[in-house]
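J.:
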Amino acid sequence: MMLNFINIYGFMYNGQIINVLLKERNLRAKDLLEYLQLQSNGSITSLVRGNPTAERLEKIADFFEVPIDTLFQRSKSYGYNVVGNANHVANITIGELRGKTKSLEKIIEEKDKRIALLEDMISLLKKQQNL
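Residue numbers (our numbering): -18 to 112.
Given below as structure tokens:
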């Protein structure tokens, strides 16, 4: 038996969020349909207006790399964090944070390589001074 979510515990499925996520991430509906193994020449209307199964909702959330509850209309959202100070406040998605984390990890890796190279150079210079 497939479980459908329309209104579970006061949470309403909001298919319009799919359109918002596609636009925010510059993705095509065709990419989502292919990921879901649906006809890529079809329309996402059935996903937006329909009553998708829990399994399909999970796949949609995986496609966008967001928690499944992002696809539901709620009074409190756990998929977004508000960051900033009094001068600038912005909503940042978890996917955006993951992307920034990956970029920062690459920068740290490059810095570690530079540090190792500089340490090698210092070692060589010390050896030359001792000669």
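Built from N, CA and C at the ideal position, the CB exists for glycine as well.
(1) For Ile(-2), which residues of its own chain have a beta-carbon under 7 angstroms away from its beta-carbon, when the five flanking residues on both sides are left out?
(2) Please report the Cβ distance between Ile49 and Glu39, rounded to the nearest whole angstrom; I am assuming they are in contact, meaning their Cβ atoms lie under 8 angstroms.
(3) Buried or exposed: which applies to Ile116, given that a residue is buried once 16 or more other Cβ atoms fall within 10 Å of its Cβ?
(4) Is it buried or exposed, Leu78, if we count other Cβ atoms within 10 angstroms and call 16 or more buried?
(5) According to DSSP, is Gln54 part of a helix, a strand, or is it coil?
(6) Along the chain, where does the alpha helix (DSSP H) that runs through Ser27 open and close?
(7) Going by other Cβ atoms of all chains shown within 10 Å of its Cβ, with 16 needed for buried, is Ile25 buried or exposed?
(8) I'd like to check one pair, Arg30 with Gly80: are the Cβ atoms closer than 7 angstroms?
(9) For Val47, count neighbouring Cβ atoms within 10 angstroms of its own Cβ and tell me buried if that reaches 16, exposed if not.
(10) Taking just the CA atoms, how far does Asp101 sit from Lys87?
T.: Inspection of the coordinates gives the following:
(1) Here residue -2 refers to the residue found at position 17 when the sequence shown is read from its first residue. The beta carbon of Ile(-2) sits closer than 7 angstroms to the beta carbons of Thr51, Leu52 from its chain, once the five residues preceding and following it are set aside; these are given in chain order.
(2) For the purposes of this step, residue 49 is taken as the residue at position 68 of the sequence shown. For the purposes of this step, residue 39 is taken as the residue at position 58 of the sequence shown. Going by Cβ atoms, the distance from Ile49 to Glu39 rounds to 6 angstroms, so yes, they are a contact pair.
(3) Here the chain covers residues -18 to 112 and nothing more, so residue 116 does not appear.
(4) Reading the sequence shown from its first residue, position 97 is the one you call residue 78. Per the 10 Å Cβ criterion, exposed.
(5) Position 73 of the sequence shown holds residue 54. Correct three-state label for Gln54: strand.
(6) Translated into positions along the sequence shown, residue 27 becomes position 46. Its alpha helix (DSSP H) spans residues 26 to 30.
(7) Position 44 of the sequence shown holds residue 25. Ile25 comes out buried.
(8) The residue given as residue 80 occupies position 99 in the sequence shown. The residue given as residue 30 occupies position 49 in the sequence shown. No, these two residues do not count as a Cβ contact at 7 angstroms.
(9) Sequence index remark: in the sequence shown, residue 47 carries index 66 (1-based). If you draw a 10 Å sphere on the C-beta of Val47, you find 16 or more other C-beta atoms in it, and that means buried.
(10) Position 106 of the sequence shown holds residue 87. Position 120 of the sequence shown holds residue 101. In this structure, the CA atom of Lys87 is about 21 angstroms from the CA atom of Asp101.
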